[in-house]
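Novice:
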Amino acid sequence: MNLLVTIVVAIVVAVLLAFVIVKFVPLKLRGLISVLLLLAAGYLVYLIYNGIMEPIKFNKEKKVRYAKVIDQLKIIRDAQIKYKDAKGAYAKDKNSLINFIETDSLVITETVNVEKELVLGGGITKKISVKKIDTTGFEPALKYFQDRDYKGMFSVPGTDKEFEMAVGEIEKITGLFVPVFEAKTEKKEILKGLPNHLVKQELEAIEADQIKGPFVAVGSLEEVSTGGNWPPYYDKGDAKTDSEE
1 MNLLVTIVVA IVVAVLLAFV IVKFVPLKLR GLISVLLLLA AGYLVYLIYN GIMEPIKFNK
61 EKKVRYAKVI DQLKIIRDAQ IKYKDAKGAY AKDKNSLINF IETDSLVITE TVNVEKELVL
121 GGGITKKISV KKIDTTGFEP ALKYFQDRDY KGMFSVPGTD KEFEMAVGEI EKITGLFVPV
181 FEAKTEKKEI LKGLPNHLVK QELEAIEADQ IKGPFVAVGS LEEVSTGGNW PPYYDKGDAK
241 TDSEE
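Just so you know, we're using full-length UniProt numbering here: the sequence shown kicks off at 1 and counts up by one.
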């Protein structure tokens, strides 16, 4: 919109200047005015170019920044999932989560089908197959995070902030409460240093291919979910590719 207004205003001004020059400016001064107009035209071209390129550069830069943040949130999510597998609930704070990765273990299970005889009555029986889960061993939680920066997973890349994390319970169905968690950070912190008017638009994003709202987050305190609020291409490596084109 700003670019369109600039172009319209420039056209109107150019027409008015042309009229003034023809009507009122002496012939000997028209050369000087022509030079000044050329300079003004050059500046206008710069404004138009910058108006076109600014949002393009912004979109590339934000994807680079978001991708780094999302990588950290994925580590937190994976750690919370493993923690819940072992403990039955989510970790309340970062120290509990890091300590779990470094010192705790996960149960290795095996599911087998076992045949049982079901008595139907009247001397009638029926063989059925039921699943049985057996514990076959244990493995260190650290195995899943050896090549990942789990110790720094709560640091928001490019800022001096840490991710906010909260846990809770919600009633999935009547009488059944299940644990939930959420980790998030504000977009405005990630986008610091970029044009303010574009950052403001980004905080209000609602499109399906955008990260909606003012936060980048994983999990939810409102529904049973371990997913992130980012679009799928951040999980496919597309964000990095787009930013480098």
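Quick reminder that beta carbons are idealized off the backbone N, C-alpha and C, glycines included.
#1: Taking buried to mean at least 16 other C-beta atoms within 10 Å of its own C-beta, is lysine 126 buried or exposed?
#2: Leaving out the 5 sequence neighbours to the left and right, which residues in its chain are closer than 8 Å to tyrosine 223 when beta-carbon positions are compared?
#3: Using the Cα positions of glutamate 207 and proline 232, report the straight-line distance between them to the nearest angstrom.
#4: Unbroken alpha helix (DSSP H) runs of length 4 or more, entirely within the stretch 59-106: which are they?
#5: In three-state DSSP terms, what is isoleucine 190?
#6: Taking one C-beta from the stretch 97-114 and one from the stretch 126-141 each time, how about it: are there three or more such pairs within less than 8 Å?
#7: Is it the case that the stretch 75-91 contacts the stretch 197-216, given that we only count it when at least three CB pairs across the two stretches are under 8 Å?
#8: CA-CA distance, threonine 226 and alanine 91?
#9: Go to valine 199, then tell me how far its alpha helix (DSSP H) extends in each direction, as first and last residue.
#10: When the Cα atoms are used, what is the spatial distance from lysine 87 to leucine 97?
#11: Near valine 199, which residues of its chain fall below 7 Å by C-beta distance, leaving aside the five closest residues on each side in sequence?
#12: Provide the residue span of the beta strand (DSSP E) that contains isoleucine 173, from first to last.
#13: Pull up the distance between the alpha-carbon of leucine 120 and that of lysine 131, whole angstroms please.
#14: Relative to the C-alpha of lysine 62, which residue among Gln201, Ala79, Leu221 is closest?
#15: Given this structure, state the Cα-to-Cα distance separating lysine 240 from valine 64, to the nearest angstrom.
#16: Starting from alanine 217 and walking both ways along the beta strand (DSSP E), at which residues does that stretch end?
#17: Which same chain residues end up closer than 6 Å to valine 218 when comparing Cβ atoms and leaving out the 5 residues on each side of it in sequence?
#18: Just checking my contact of phenylalanine 215 with threonine 185 at CB under 8 Å: how many whole Å lie between their CB atoms?
#19: Name the DSSP bridge partner or partners of valine 45?
#20: So, helix, strand or coil for isoleucine 128, using DSSP?
Specialist: Quick answer:
#1: Translated into positions along the sequence shown, residue 126 becomes position 126. Classification of lysine 126: exposed, given that the 10 Å Cβ count is below 16.
#2: The residue given as residue 223 occupies position 223 in the sequence shown. At residue 223 the sequence reads glutamate, which differs from the tyrosine that was named. Closer than 8 Å at Cβ, skipping near neighbours: Ile170, Val180.
#3: For the purposes of this step, residue 207 is taken as the residue at position 207 of the sequence shown. For the purposes of this step, residue 232 is taken as the residue at position 232 of the sequence shown. Looking at the two C-alpha atoms, the distance is approximately 13 Å.
#4: 94-103
#5: Translated into the one-based positions of the sequence shown, residue 190 becomes position 190. DSSP places isoleucine 190 in helix when its eight states are reduced to three.
#6: yes
#7: no
#8: Locating residue 226 in the sequence shown gives position 226, where the first residue counts as 1. Locating residue 91 in the sequence shown gives position 91, where the first residue counts as 1. Looking at the two C-alpha atoms, the distance is approximately 14 Å.
#9: As a working note, residue 199 is residue 199 in the sequence shown. Counting along the chain, the alpha helix (DSSP H) containing valine 199 begins and ends at 196-203.
#10: Taking the sequence shown and counting its residues from 1, the one referred to as residue 87 is at position 87. Taking the sequence shown and counting its residues from 1, the one referred to as residue 97 is at position 97. Straight-line Cα distance between these residues: approximately 11 Å.
#11: Working through the sequence shown from its first residue, we reach residue 199 at position 199. Once the five neighbours on either side are set aside, the close Cβ partners of valine 199 are Lys188, Leu191.
#12: Reading the sequence shown from its first residue, position 173 is the one you call residue 173. Element bounds for isoleucine 173: 164-173.
#13: If you number the sequence shown from 1, residue 120 lands on position 120. If you number the sequence shown from 1, residue 131 lands on position 131. Between leucine 120 and lysine 131, the C-alpha separation is close to 20 Å.
#14: Within the sequence shown, residue 62 is the residue found at index 62, counting from 1. Out of Gln201, Ala79, Leu221, Gln201 has the C-alpha closest to the C-alpha of lysine 62.
#15: Mapped onto the sequence shown, residue 240 falls at position 240. Mapped onto the sequence shown, residue 64 falls at position 64. Note that lysine 240 scores a pLDDT of 45, beneath 50, so its modelled location is shaky; the value from the coordinates is reported in the next line. Roughly 6 Å between the two C-alpha positions.
#16: Stepping through the sequence shown from its first residue, residue 217 is reached at position 217. Residues 215-219.
#17: Here residue 218 refers to the residue found at position 218 of the sequence shown. Leu73, Arg77, Ala183, Gly228.
#18: Indexing the sequence shown from 1 puts residue 215 at position 215. Indexing the sequence shown from 1 puts residue 185 at position 185. At roughly 7 Å, the Cβ-Cβ gap stays under 8 Å, so phenylalanine 215 and threonine 185 are in contact.
#19: For the purposes of this step, residue 45 is identified with residue 45 of the sequence shown, where counting begins at 1. The partner list for valine 45 (beta bridge, DSSP) is empty, contrary to what the question assumes.
#20: In the sequence shown, the residue the question calls residue 128 occupies position 128. In this structure, isoleucine 128 counts as strand in the three-state DSSP scheme.
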